[in-house]
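Heads up, the thing below is written out as structure tokens.
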Amino acid sequence: MRWIDLVLVVVYMAVSAWVGLRFARKQTSTEAYFVARRSVPPWAIGMSMMATLVSSVTFVAYPGSAYGSNWSNLVPGFMLLVVLVIVGRVLVPFYREAVRMSAYEYFGRRFGEPARIYSSVAFSLGHFGKMGFVYYLVALTANSVTGWNIDAIIISIGIVTVAYTLLGGIEAVVWTDVVQGFVMWLGILLALGFLLFLPPGGPVAVFSSAAQAGKFSLGEMNWDFSRATIPVLVLYGFFWYLQKYAADQTLVQRYLLAKSDRLAMRGITLGALQTVPVWTLFMLIGTCTWSFYQLTGKTLPAYVTKADQVFPYFLASQLPAGAAGVFLAALMAAAMSTLASDLNCIAMVGVEDVYRKVRPHADDAMRLRMGKILVAVFGGLGVIMAEILAHSPGGALSMWFNVSAILSGGLAGLFVLAFLSRRANARGVYTGIAVCVLVTTWATLTSGKERWLDLGAWNYPWHELTIGVTGHVALAVTGYVASWLYGARRDDAAVTFWSWLRERKRAAAGMAG
-16 MRWIDLVLVV VYMAVSAWVG LRFARKQTST EAYFVARRSV PPWAIGMSMM ATLVSSVTFV
44 AYPGSAYGSN WSNLVPGFML LVVLVIVGRV LVPFYREAVR MSAYEYFGRR FGEPARIYSS
104 VAFSLGHFGK MGFVYYLVAL TANSVTGWNI DAIIISIGIV TVAYTLLGGI EAVVWTDVVQ
164 GFVMWLGILL ALGFLLFLPP GGPVAVFSSA AQAGKFSLGE MNWDFSRATI PVLVLYGFFW
224 YLQKYAADQT LVQRYLLAKS DRLAMRGITL GALQTVPVWT LFMLIGTCTW SFYQLTGKTL
284 PAYVTKADQV FPYFLASQLP AGAAGVFLAA LMAAAMSTLA SDLNCIAMVG VEDVYRKVRP
344 HADDAMRLRM GKILVAVFGG LGVIMAEILA HSPGGALSMW FNVSAILSGG LAGLFVLAFL
404 SRRANARGVY TGIAVCVLVT TWATLTSGKE RWLDLGAWNY PWHELTIGVT GHVALAVTGY
464 VASWLYGARR DDAAVTFWSW LRERKRAAAG MAG
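Everything in the sequence shown is counted per our numbering, starting at -16 for the first residue and increasing by one.
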């Protein structure tokens, strides 16, 4: 790695650490540490949402997926906009009224503390698993570009990210996300420019060769649920982003950062409108990387054995001095923004949903201290998870999609029951949760090419991406039926969409009168 590249990376890391120190003195309460006193402008919320959703998974695995196949793994991302259009205008004001900090407060109000604990744990497990992937992929790419030791890269990124998240709270996370968002856009456009104009024939030849090879295809359109066809990807994406908007603390937290419902909705919309184009550009980068090696005739070295490794090798071997450093800083920006958001949110649900119950008499200063401890603990555990993943076979994107589907915990199904059903009760929901856990465990153990357990005709019959969907549906259907069997009566006083809508209409009528 050339000295100018190293300087750019060091400067970026130093700026990130400085932001944390700048906001450290303001973190005097949990209200400041976790929701920034609800004073963040919408454009910053949007940039933070984009930076959080775009991680090193995007930087490495999306180009790898497009290089090795086509654009099929972009299909789930389109559901981010679809789900926003369907539910955004309801969920944002609802959560701003229904909860103080944690999204899972709502499940506790509807179905009791066990439902709140279950949803908090499911969220924390899913995001803890994601943290391992993020650490691993940023280290993989940085190692390819610089030759630095992967362990040293993971530890260095972990120390800086934990430091500014621990010291500066969500304010440091959001404003670092803003800086990181601009760095990401610069890195994307820089890499794309080289990929389009370096090959002979320029952009026309790049697009022509890729189109002839079917590299822009969105996948196969048929109803075979045993393969990753378009319907499977659409289902996965719809339920994944329904869960993100409805039951994921990293997005619900963004709703709470704004001063008003209108500003919160504007911020979330800006975030979604930035995120999908970024995902698309990374798919384009992977396709252009494929065209580059086809058109130039350059061969890949023997140690580049995975599609995920090709784009990092291109960065290391083809970009001039300075350009590789900018892109490496952008990669680290993507990873650190996601990690910081996850750490702050895991700490928040740990404090609000667990610690407050274990220590009900703890004052705000004690809760703030516990939040900082949890940031440090989970940051360290994420590093350990990354070391495990560093030696796992297979493509990183498919691995991440499978794990995220499995760890989703049926939270979308739980939210649908809580929000739409006035008959669902605690006993029915607990039955649904139990069935969801059993079904998800069975599907996980008996699915895929390398099964943990082979039950023959009783193996899970569909693609691994449908496991999360199956869990959501199993929880919602079983929970509703069980509630009915337990003799549940319609409860108009329950906090549901219907009661919320009724109160909104009543308030609007009062203002008109």
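Yeah, the Cβ is synthetic: ideal placement off N, Cα and C, and Gly gets one too. All figures in this text were calculated on a predicted structure; none of them were measured in a lab.
Option in the options with minimal Cα separation from residue i
i, options, result
"F504", "E335, I140, L326", "The question about residue 504 has no answer here: the residues shown for the chain are numbered -16 through 496."
"V366", "S22, V143, T263", "V143"
"M204", "Y443, V117, R5, S55", "S55"
"I213", "H446, L484, S482", "H446"
"S52", "R8, W1, F199, L438", "F199"
"S324", "Q163, D(-12), M(-4)", "Q163"
"A426", "L74, A457, I138, R410", "A457"
"G451", "G393, A490, A290", "G393"
"Y276", "V(-7), G3, T263, Y296", "Y296"
"N126", "G493, P444, V43", "V43"
"A330", "F222, T233, A7", "T233"
"Y87", "T453, R485, V287, V337", "V337"
"G333", "F111, L397, A440", "F111"
"R5", "S85, F480, L150", "L150"
"D346", "A407, A409, S12, Y286", "S12"
"V68", "L397, A255, A407, F165", "A255"
"L298", "T272, K289, T321, S320", "T272"
"I136", "F165, M319, V420, V309", "M319"
Pairwise C-alpha distance: residue j and residue i
i, j, result
"G431", "W467", "35 Å"
"L372", "E433", "17 Å"
"T449", "F208", "8 Å"
"G91", "S107", "16 Å"
"M189", "L172", "One detail in the question is off: residue 189 reads as Val in this sequence, not Met. Straight-line Cα distance between these residues: approximately 16 Å."
"A241", "S22", "5 Å"
"A395", "F294", "35 Å"
"K488", "A476", "16 Å"
"Y413", "V478", "18 Å"
"I28", "D160", "9 Å"
"V261", "G269", "13 Å"
"S243", "T258", "23 Å"
"G185", "L179", "6 Å"
"L278", "L123", "26 Å"
"Y118", "Y45", "16 Å"
"F94", "K9", "36 Å"
"G220", "V341", "36 Å"
"Q301", "D134", "25 Å"
"W(-14)", "L283", "25 Å"
"R72", "L181", "45 Å"
"M114", "D(-12)", "26 Å"
"L216", "A348", "45 Å"
Where the alpha helix (DSSP H) containing residue i begins and where it ends
i, result
"V337", "No alpha helix (DSSP H) contains V337, which DSSP labels as neither H nor E."
"V157", "133 to 180"
"K198", "Taken as a continuous stretch (DSSP letters only), K198 belongs to no alpha helix (DSSP H), as it is neither H nor E."
"Q85", "It is Ser, not Gln, that sits at residue 85 in the sequence shown. It is not in any alpha helix (DSSP H) - S85 carries neither H nor E in the DSSP assignment."
"R21", "From DSSP, R21 is part of no alpha helix (DSSP H); its letter is neither H nor E."
"T11", "From DSSP, T11 is part of no alpha helix (DSSP H); its letter is neither H nor E."
"F221", "213 to 230"
"N53", "From DSSP, N53 is part of no alpha helix (DSSP H); its letter is neither H nor E."
"H344", "Unbroken run through H344: none, as it is neither H nor E."
"V43", "Neither: V43 is in no alpha helix (DSSP H) and is coded neither H nor E."
"A117", "According to the sequence as given, residue 117 is Val; it is not Ala. Looking at the DSSP string, the run of the alpha helix (DSSP H) that includes V117 is 96 to 129."
"D504", "In the structure as shown, the chain begins at -16 and stops at 496. Residue 504 is therefore absent and cannot be evaluated."
"L458", "450 to 468"
"G411", "409 to 429"
"A73", "Here residue 73 turns out to be Val, not Ala, going by the sequence shown. That run of the alpha helix (DSSP H) goes 58 to 81."
"P295", "293 to 301"
"A395", "394 to 403"
"W441", "Where W441 is concerned, there is no enclosing alpha helix (DSSP H), given that its DSSP letter is neither H nor E."
"M204", "First-last for M204: undefined, no H or E at that position."
"A34", "25 to 36"
Touching or not, the segment 32 to 43 and the segment 180 to 195, by the rule of three or more beta carbon pairs under 8 Å? no
Pairing CB atoms from the segment 396 to 414 with CB atoms from the segment 154 to 168, are three or more of them under 8 Å? no
Report yes or no: do three or more beta-carbon pairs, one from the segment 348 to 357 and one from the segment 95 to 110, lie closer than 8 Å? no
Looking at C-beta atoms only, is the number of pairs between the segment 230 to 239 and the segment 247 to 263 that lie closer than 8 Å three or more? yes
Contact the segment 310 to 317 vs the segment 36 to 47: 3+ CB pairs below 8 Å: yes
Evaluate contact between the segment 123 to 142 and the segment 45 to 60, counting only Cβ atoms and requiring at least three cross-stretch pairs below 8 Å. The segment 123 to 142 is not in contact with the segment 45 to 60.
Segment contact, 8 Å Cβ cut-off, at least three pairs: the segment 453 to 463 with the segment 416 to 428: yes
Below 8 Å, how does it come out for the segment 337 to 356 and the segment 12 to 20: are there three or more Cβ pairs, yes or no? yes
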